[in-house]
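Protein chains in written order, with the numbering used here: chain A, 1405 to 1773; chain B, 1405 to 1773.
Idealized CB from N, CA, C, for every residue including glycine.
Being a predicted model, the structure only gives us computed values, none of them experimental.
Before any comments, here is the structure.
There are 2 protein chains.
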Amino acid sequence: MRKPGQKKGSAALSRPRAPKGEKVPVAEADPAPPSQVAPAANKVVTITDVAQRAGVGESTVSRVLRNKGSVSQSARHKILKAAADLNYVPNRIAGTLASMSSRLIGIVVPSVGNTVVPEVLAGVNTVLEAAGFQPVIGVSNYDSLREEALIESILSWRPAGILVAGLEHTDRARAMLKGCGVRVVELLDIDGEGIDIVVGSSHRMAGRKSAEHLLAHNYRNIGYVGHDVRVDIRAGKRLEGFRAVMHENGLNFVDEEFHPSMASSVEAGRIGLARLLKRQSGLDAIYFSNDDLALGGYFHCLEHDISVPRDLALFGYNGLEITRLTPQPLSTIRTPRIAMGKVGANLLLSGGPSTVVDVGFELVVGATT
Amino acid sequence: MRKPGQKKGSAALSRPRAPKGEKVPVAEADPAPPSQVAPAANKVVTITDVAQRAGVGESTVSRVLRNKGSVSQSARHKILKAAADLNYVPNRIAGTLASMSSRLIGIVVPSVGNTVVPEVLAGVNTVLEAAGFQPVIGVSNYDSLREEALIESILSWRPAGILVAGLEHTDRARAMLKGCGVRVVELLDIDGEGIDIVVGSSHRMAGRKSAEHLLAHNYRNIGYVGHDVRVDIRAGKRLEGFRAVMHENGLNFVDEEFHPSMASSVEAGRIGLARLLKRQSGLDAIYFSNDDLALGGYFHCLEHDISVPRDLALFGYNGLEITRLTPQPLSTIRTPRIAMGKVGANLLLSGGPSTVVDVGFELVVGATT
DNA sequence: CTGAAAGCGCTAACAG
DNA sequence: CTGTTAGCGCTTTCAG
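Quick look at the structure:
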C-alpha cells in the first residue's frame, strides 16, 4: 500500500534542494517537530487544496476552472482567489485520464533541416494554439522504422489527433494510424492512398510542370542534381514526373547526379553540379531536387562565372524565401506551406469527413530560366 | 455514476464511422440486439484486456511491458503474445498519473524561422529520444506574454523537465519555472541570471569579438543593419557588445538601420542595407544582426556590383551552413547549436546541480572582411 | 447551483 | 515470481 501523506514529486528529475546561492540552514530549516510530519516542501497543489481553501467541493472548483456548468458568482470568486493564492496549476494528465479526451496533438515530421517543415509546423501551430491544443513532436529523420516507433510512442499519449508527413508508411504504422480511433492528417503530398485526411500537393505534377516549363523555353540538354531520392520520396515523385514529360517528348536526362546525403543541403547542390559539369559538357539546364540544391548550384555558377541562364538554366522546388532574394531570383515551384499546415490542422479539429485537399502550387518564373 | 461498459473513445475527435468508400448498410449494421449492448466498436484495449487474454494479473503485464521486476519466461511470452494479438498500445497518460513521473519534456522556443532554433531542437531531440522522452513544444513568437502562457500550459502536462530559450522572462514565468519542481534549462544565452541550468554562449562577447575583428582589419566607418532589437534580445546584446568596443576605441556606428521585422530575414538585410547605403556614403563595413540579414546584404552587393570586401565588408552572426557556400564565404561567428541542444538536454536529464555552461563560439573569417 | 462518489488505466507496495 | 489492492488528480454523473 502506498503511504498516504508521503506524496513525492517526480522522482527522477525533481529539482535538488538548495540550488546555488540559497543557503538553507541545516538544523533549523523546518520549525515543525521533525520526523512527525513530512516536510511540506514542494507539495504540489491539487484541486482538493483549492477546494478546501475556498470552502467548496472539488467538482465546483473543476466547473469554475473549466468554465463549464453554472456556478454562483460568489463561489466562482472564492475559487479563483484560492487558486491564485495557492499558485495552482491544473494537472492535465489527470484531467485527460478522467475525461478521456486530450488536448494533445501528435506530429511526426521527417526532419527540421531546411525551412519547409518548420513553416508547415508554424501553420499547424497557429491553429492548434488558438484551439488550446499542444503539439507533441517527433522527428523521424526520413527513417520509416523510426517513424513507426514515433507514431506508436506518440499514440501512447492518447492524442486528440495526429499529423504525419507524407503518405508512405510501414504497414504497421498505417495499421496503428487506422486503428487508433483518432483523426489523422497526412501532410505535404497527395500522390497516393491516404488514411484519413490528406492535405498537400502533387509532386508528380510539380515535376511535370517543371519539365514542361524548361522544354517550353527550349532547353533540351537537361541534367538532374539531387539528393537521395530513395529516402526523400517526394523528391523522387517530382523526378518521376519530370522524367515522364521528358520521355513523352522523346528526351532523357543527359546525366544525373545523386548526392548521397539523406537531407537536402546547399552543399549537395554545389558539389553535385560541380561533378556533373566536370563530366558533361553541352548541358543547357539543370533540374534540382529542391531549392537548397538549386541554391548551391547557383552559387557554383556565380563563383565560376557561368552565366545564368545563358550558359546554364537552373530550376528548383519549394519557393523558399531566399530564392527570390538572390541576385537573380531562382525559377522554382512555390508551395503554400503555412496554409497547408493551417488547413491540415483545421480539418483535423473540425471533425469533418475524410478528404483529400490539393493546396496546389505555383510555378515561379525567376531569372534563372 | 458512470455507466460501466459504455466506454467511449475521445469524444470530440474520434474518427467518424464509415469513412469514404466503406458502405455500411444502415439497417443491419449490427447483428446484436439493438439497444441492449453498446456496440463493441473501437473499444480501446487496456492492460486488463491483455491480462485476461494472457491469463495473468494486471501487474504482471505491467512488469513485462516496462521490463521491470522479474517475470517467468512463460508468462512474459504469453503476455507479449496477447499484447500483440490485441494490438495493445499502452496509455501513458494513465501510467504517468499513477507513477507520478512523466516522460514528457517541455520546450518553449521563440520561433522556427531561420534554422538556428531547429538545429538546437535537433540536438535536444537526439538526446531526448535516446532516453525515451517526448518533447512538447510551444512557439512564443518572441512574445514574452505568450511565452508565459505557454510555460503555464506546458507545465500543466507535468513534464519531467523544461527547456526554454534565453534568460529573459516575465516575473510570473520565472516564478512558475522556479516553483514547478522540475529541472529547467535556459538555452542560447549566458549573459544574465539563470534559473537552474544555463547552456549557451555570450552574445555580448560575440559582439565584442566581431567589433575587434573589424577594427583589427582597419575598418572604421561601420554601419549596423538589424531587425527589431527590442524583440530579439540576444541580437541586442551583440549590438551592445559591438558598440562598447567601438566606444572604447573612440568610435561610433556611422549609421544604424533597424528593420521593423520581429523575426530576422534575408529580405530585411537586403532592404536594410539598400536604405543605409542610400543615405550614407563612405561606409567601409557593415555589422549585421545575424547571418540572415548579412546574406541579404551580400546579395544586394552582388546585384549592385559592390565589391566585397574592397568597397564594403560584411559581418554576420550564427555561422549558418549557407554562409560558407556563397561565392565568397561570409565572415561570421559560428555557434555550436547542435551541441548546445545536446548538452542542455543531457544536463536536464542527468540530475546534476545547477550550472552555467558556456559552449563558446568561433569567429569564422570568411571572404567578406 | 452544489457536493459525494465512482471511476479513467495504470503503477507500486504488499503479501503471498 | 505473481495477484491484490489502493490510489495518482481530475471529471462526470447523480442526487440533493
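The segment 1533-1544 of chain B contacting the segment 1484-1491 of chain B, beta-carbon criterion three pairs below 8 Å: no
B/His1617 versus B/Val1454, B/Glu1766, B/Val1460 and B/Ala1458, residue with shortest Cα-Cα distance: Residue 1617 of chain B sits at position 213 when you count from the first residue of the second sequence. With distances taken between Cα atoms, B/His1617 lies closest to B/Glu1766.
So which residues of chain A does B/Glu1671 contact, with C-beta pairs closer than 8 Å? Mapped onto the second sequence, residue 1671 of chain B falls at position 267. Going along chain A in sequence order, the residues near B/Glu1671 (Cβ under 8 Å) are Glu1725 and Leu1729.
Whole beta strand (DSSP E) elements within the segment 1506-1584 of chain B, 3-residue minimum: 1508-1513, 1538-1543 and 1565-1569
For A/Glu1616, does the three-state DSSP call read helix, strand or coil? By 1-based counting over the first sequence, the position of residue 1616 of chain A is 212. Looking at A/Glu1616 - three-state DSSP - the assignment turns out to be helix.
Between B/Gly1770 and chain A, is there a C-beta pair that is closer than 8 Å? By 1-based counting over the second sequence, the position of residue 1770 of chain B is 366. Chain A, which has no Cβ nearer than 8 Å to the Cβ of B/Gly1770, makes this no.
What's the gap between the Cα of B/Gly1585 and the Cα of B/Leu1554? As a working note, residue 1585 of chain B is residue 181 in the second sequence. As a working note, residue 1554 of chain B is residue 150 in the second sequence. Each residue's Cα considered, the two are about 17 Å apart.
Any contact between the segment 1612-1626 of chain B and the segment 1704-1719 of chain B? By contact I mean 3 or more CB pairs, one from each, below 8 Å. yes
Work out the CA separation of A/Ala1498 and A/Val1454 for me, nearest whole Å. Here residue 1454 of chain A refers to the residue found at position 50 when the first sequence is read from its first residue. Here residue 1498 of chain A refers to the residue found at position 94 when the first sequence is read from its first residue. Going by the C-alpha atoms only, they are around 16 Å apart.
Measure the Cβ-Cβ separation of A/Gly1745 and A/Ala1526 and say whether it is below 8 Å. Numbered from its first residue, the first sequence carries residue 1745 of chain A at position 341. Numbered from its first residue, the first sequence carries residue 1526 of chain A at position 122. Yes, Cβ-Cβ distance for A/Gly1745 and A/Ala1526 is below 8 Å.
N-terminal and C-terminal residue of the alpha helix (DSSP H) that B/Ser1605 is part of: Residue numbering aside, residue 1605 of chain B sits at position 201 when the second sequence is read from its first letter. Run containing B/Ser1605: none in the alpha helix (DSSP H); it sits in the beta strand (DSSP E), Ile1601 to Ser1605.
Determine the burial state of A/Arg1683: buried for a count of at least 16 other Cβ atoms within 10 Å of its Cβ, exposed for fewer. Position 279 of the first sequence, counting from 1, holds the residue named residue 1683 of chain A. A/Arg1683 comes out exposed.
Which residues share a DSSP beta bridge with A/Asp1762? As a position in the first sequence, residue 1762 of chain A is number 358, starting the count at 1. The partner list for A/Asp1762 (beta bridge, DSSP) reads A/Gly1604.
Please tell me whether B/Asn1750 has its Cβ less than 8 Å away from any Cβ of chain A. To locate residue 1750 of chain B, count along the second sequence from 1; it is residue 346. No, its Cβ sits nowhere closer than 8 Å to a Cβ of chain A.
Which one of A/Asp1762, A/Thr1452, A/Val1768 and A/Thr1772 has the shortest CA to CA distance from A/Arg1608? The residue you call residue 1608 of chain A lines up with position 204 of the first sequence. Closest option to A/Arg1608, Cα to Cα, is A/Asp1762.
Mark A/Ala1610 as exposed unless 16 or more other C-beta atoms lie within 10 angstroms of its C-beta, in which case mark it buried. Start at 1 with the first residue of the first sequence, and residue 1610 of chain A comes out as number 206. Buried is the call here.
So, does the CB of A/Ala1557 fall closer than 8 Å to a CB anywhere in chain B? Counted from its first residue, the first sequence places residue 1557 of chain A at position 153. Here residue 1557 of chain A turns out to be Ser, not Ala, going by the sequence shown. Yes, contact with chain B.
Along the segment 1474-1503 of chain A, where does the CB come closer than 8 Å to a CB of chain B? Name the residues. Asn1491, Val1493, Pro1494, Asn1495, Arg1496, Ile1497, Ala1498, Thr1500 and Leu1501
Compare the beta carbon distance of B/Gly1770 and B/Leu1729 with 8 Å and say whether it is the shorter of the two. Within the second sequence, residue 1770 of chain B is the residue found at index 366, counting from 1. Within the second sequence, residue 1729 of chain B is the residue found at index 325, counting from 1. No, the pair does not count as a contact, with Cβ atoms beyond the cut-off.
Can you name the residues of chain B whose CB is closer than 9 Å to the CB of A/Ile1541? Here residue 1541 of chain A corresponds to residue number 137 of the first sequence, with the count starting at 1. Near A/Ile1541 (Cβ distances below 9 Å), the residues of chain B are Ile1511, Leu1525, Asn1529, Gln1538, Pro1539, Val1540 and Ile1541.
If I follow the unbroken alpha helix (DSSP H) through B/Val1465, where does it start and stop? Along the second sequence, one-based indexing puts residue 1465 of chain B at 61. Taken as a continuous stretch (DSSP letters only), the alpha helix (DSSP H) holding B/Val1465 covers Glu1462 to Arg1470.
Cross-strand partners of B/Arg1738 (DSSP beta bridge): Taking the first residue of the second sequence as position 1, residue 1738 of chain B is located at position 334. Beta-bridge pairing links B/Arg1738 to B/Asn1722 and B/Glu1766.
When the Cα of B/Val1512 is compared with those of B/Pro1563, B/Ala1535, B/Glu1661 and B/Ser1478, which residue comes out closest? Within the second sequence, numbered from 1, the residue matching residue 1512 of chain B stands at position 108. For the residues B/Pro1563, B/Ala1535, B/Glu1661 and B/Ser1478, the minimum Cα distance to B/Val1512 belongs to B/Pro1563.
Count the C-beta pairs between the segment 1670-1678 of chain A and the segment 1594-1603 of chain A that are closer than 8 Å, then say yes if the count reaches three, no if not. no
For A/His1663, count the other beta carbons within 10 Å of its own beta carbon; 16 or more makes it buried, fewer makes it exposed. Which is it? Sequence index remark: in the first sequence, residue 1663 of chain A carries index 259 (1-based). The residue is buried, with at least 16 neighbouring Cβ atoms inside 10 Å.
Can you find the residues in the same chain that come closer than 7 Å, C-beta to C-beta, to A/Thr1519, ignoring five residues on each side of it along the sequence? Your numbering for residue 1519 of chain A matches position 115 in the first sequence. Counting only Cβ-Cβ distances below 7 Å, and skipping sequence neighbours, we find Leu1724.
Residues near B/Ala1445 by beta carbon distance below 7 Å, same chain, minus five either side: Counting from 1 along the second sequence, the entry for residue 1445 of chain B is found at position 41. Bear in mind that a pLDDT of 42 at B/Ala1445, under 50, signals an unreliable position, so the number given afterwards is only what the model happens to contain. Excluding residues within five positions, none has a Cβ falling inside 7 Å.
The segment 1564-1591 of chain B: positions lying closer than 7 Å to chain A by Cβ: Ala1564, Gly1565, Gly1583, Gly1585, Val1586 and Arg1587
Where A/Glu1523 falls, given that 16 or more other Cβ within 10 Å makes a residue buried: Looking up residue 1523 of chain A in the first sequence gives position 119. A/Glu1523 is buried by the Cβ-count criterion.
Cutting at 7 Å between CB atoms, please list the residues of its own chain near A/Glu1556, excluding the five before and the five after it. Position 152 of the first sequence holds residue 1556 of chain A. Counting only Cβ-Cβ distances below 7 Å, and skipping sequence neighbours, we find Met1580.
Please identify, using Cβ separations under 7 Å, the residues of the segment 1698-1718 of chain A that lie next to chain B, in order along the chain. Gly1700, Phe1703, Leu1706 and Glu1707
Would you check if the distance between the CB atom of A/Ser1548 and the CB atom of A/His1573 is smaller than 8 Å? Position 144 of the first sequence, counting from 1, holds the residue named residue 1548 of chain A. Position 169 of the first sequence, counting from 1, holds the residue named residue 1573 of chain A. It is a contact, given that the beta carbons lie within the stated cut-off.
Reference A/Met1504, options B/Ser1503, B/Phe1692, B/Asn1495 and B/Asp1575, closest by Cα: As a working mapping, residue 1504 of chain A is identified with position 100 in the first sequence. Here the closest residue by C-alpha is B/Asn1495.
Give, in chain order, every unbroken run of the alpha helix (DSSP H) that is at least 4 residues long and sits entirely within the segment 1469-1508 of chain B. 1477-1490 and 1496-1503
Going straight from the alpha carbon of A/Asp1593 to that of A/Ala1569, what length do you get? The count along the first sequence starts at 1 and reaches residue 1593 of chain A at position 189. The count along the first sequence starts at 1 and reaches residue 1569 of chain A at position 165. Using only the alpha carbons, I get a separation of about 8 Å.
For A/Arg1457 and A/Arg1507, I'd like the C-alpha separation in whole angstroms. For the purposes of this step, residue 1457 of chain A is identified with residue 53 of the first sequence, where counting begins at 1. For the purposes of this step, residue 1507 of chain A is identified with residue 103 of the first sequence, where counting begins at 1. Taking the straight line from one Cα to the other gives about 28 Å.
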